[in-house]
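First the structure, in the form of structure tokens, and then the observations on it.
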Amino acid sequence: MTRRSLPLLGPADAALPPLQARWLAAALDDATLPVESNATCDDCAMLADPSVPAGSLVFSPATRCCTYLPTLANFLVGGALRDGSASVRRRLAEGVALSPLGLGADAAVLLAEHTDRERFGRDPSLRCPHYEAASGRCGVWAWREATCATWFCKHTRGERSKALWNRVQQLLARLERAVAWHCALALDVPPAALARMAPLDTPHGLPRADVVVRDDALWGRWTGDAEGFFRACTAVAEALSAAEVLALGGSEARALAATVRLARAQLLDDALPARVMLGRAELVGLTATSVRVQGYSHLDPLVLPRVLFDQLHHFDGRPTEEARADASAAAGEEVPIDALAMLVDFGVLRGT
Ligand code: SF4
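Residues 9 to 360 in my numbering are what the sequence shown spells out, letter by letter.
In structure tokens, the structure reads:
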């Protein structure tokens, strides 16, 4: 069990699609983000492989992690169309959850199906229409939305990294919605369509799957030219400065940006809690010399030497240094601080 020198940070534009990276840079004082080097999309870390311990949860090469249906805001739809995306054109032709705000997805279906542990990463019936099975790549990579851009199967700092990415997702999703509405207004979508897209019984985000605005009259001057409309949305979004985008996001976006900065500061804080105790530790694998233990995520277990695992009971809420001294004495070797910190990062131990 080793601990990398932490945390590894890289430029936002290496991790995020170009537009969203530019917006994030404007929202933060320091636009670096964790480099999730354990989540290797080019060489998927979740596929079965001789190096993967028997019994590990693996994804299907037919889906990888893309058992998800992204909601694509209008300007993302237009960008993907401009790049020649056949999968986006197919979704347009199918017309499911299609409106001047973009291409939607049913949140209830996503919750019920796409978060099912048995099906996620494995069920081909849930495969994203933009996933290219032959290459294992995303067909709309430069125009992927907030969830796709911030989701990783593994995190270099476990729960701490994930907390930061979740906050970035919230902020970007808010900005994507704000820009989508701005595009609709800027391009003269008629009030009747705006009313259909903002039903009184749901938050005014992107539409539910059953709020489909296919009625020609509701596209105003864009009737019969949805593709032209979406491409125009991309031009509108690209012309916005990052400051203008943040202003469109309003006080909610500013508040979310503050939560991103907080999560980032917490990521950078390497101090161990003064007292720790067992967290969400679940044994998911065992050999003569090691254990595989799941903490914050079933997709990202840690492999620990058994000699260390056998000493975790010493961490029962007493002062951390005292518990570490007892654990080291019982193990007959020093329990490294780095190992403890990693167990805390991954939720196997937690501060009290
Ligand atoms: S849009 Fe791309 S990254 Fe997102 S689920 Fe589909 S294929 Fe995967």
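A virtual CB, placed ideally from N, CA and C, is assigned to each residue, including glycine.
- DSSP places Phe128 in the coil class of the three-state scheme, outside both helix and strand.
- Not one heavy atom of the ligand SF4 sits closer than 7 Å to the Cβ of Cys161.
- Any heavy atom of the ligand SF4 counts here; residues with a Cβ closer than 6 Å to one of them, in chain order, are Cys74, Tyr76, Pro78, Cys136, His138, Tyr139, Cys146, Val148, Arg152, Cys156.
- Per DSSP, the continuous alpha helix (DSSP H) segment holding Glu167 begins and ends at 166-194.
- Residue environment: Arg168 is assigned as buried (16 or more neighbouring CB atoms within 10 Å of its CB, all protein chains considered).
- With 16 or more other Cβ atoms from the protein chains shown falling within 10 Å of its own Cβ, Asp353 counts as buried.
- In the pairwise beta carbon analysis, the segment 166-180 is classified as touching the segment 269-279: at least three pairs are separated by under 8 Å.
- Rounded to the nearest whole angstrom, the CA to CA distance from His190 to Leu256 is 8 Å.
- For the 8 Å CB-CB criterion, Val299 and Arg314 form a contact.
- With the rule of 3 Cβ pairs closer than 8 Å, the segment 246-254 counts as touching the segment 168-187.
- In the DSSP assignment, Leu348 falls within the alpha helix (DSSP H) that extends over 345-353.
- CA-CA distance, Thr79 to Leu111, rounds to 6 Å.
- Ranked by Cα distance from His163, the options Gln302, Glu342, Asp308 are led by Asp308.
- For the pair Ala157 and Ala23, the Cα-to-Cα distance works out to about 7 Å.
- Our two residues, Leu312 and Phe67, have alpha carbons roughly 23 Å apart in a direct line.
- Secondary structure in the segment 96-144: no beta strand (DSSP E) run of 3 residues or longer lies completely within the stretch.
- Going by DSSP, Gly293 is part of the beta strand (DSSP E) stretching over 290-294.
- Annotation: Cys161 to Ala263 spans about 27 Å, alpha carbon to alpha carbon.
- Less than 8 Å separates the beta-carbon of Arg72 from that of Gly129.
- The straight-line gap separating the alpha-carbon atoms of Met54 and Glu260 is approximately 35 Å.
- When the beta-carbon positions are compared, Val43 and Leu16 come within less than 8 Å of each other.
- As computed with DSSP, Ala81 is found in a beta bridge with Gly110.
- Counted as a single uninterrupted DSSP element, the stretch harbouring Ser305 is not any beta strand (DSSP E), since DSSP gives it neither H nor E.
- In this model, Pro69 and Asp334 are separated by some 45 Å (Cα to Cα).
- The C-beta distance from Ala289 to Gly303 rounds to 6 Å, short enough to meet the 8 Å contact threshold.
- Within the segment 19-60, the runs of alpha helix (DSSP H) that reach at least 4 residues and sit entirely inside it are, in chain order, 20-23, 26-35.
- Counting along the chain, no alpha helix (DSSP H) covers Pro327; the unbroken beta strand (DSSP E) around it starts and ends at 324-327.
- Here the segment 193-204 lies against the segment 97-114, with 3 or more beta-carbon pairs under 8 Å apart.
- Counting only the Cα atoms, Trp159 lies some 16 Å from Leu119.
- Boundaries of the alpha helix (DSSP H) harbouring Leu276: 250-276, taken from the DSSP string.
- Going by beta carbons, Leu172 and Ala154 fall outside the 8 Å limit.
- In the three-state scheme derived from DSSP, where H, G and I count as helix and E and B as strand, Gly63 is classed as coil.
- Boundaries of the alpha helix (DSSP H) around Arg314: 314-317.
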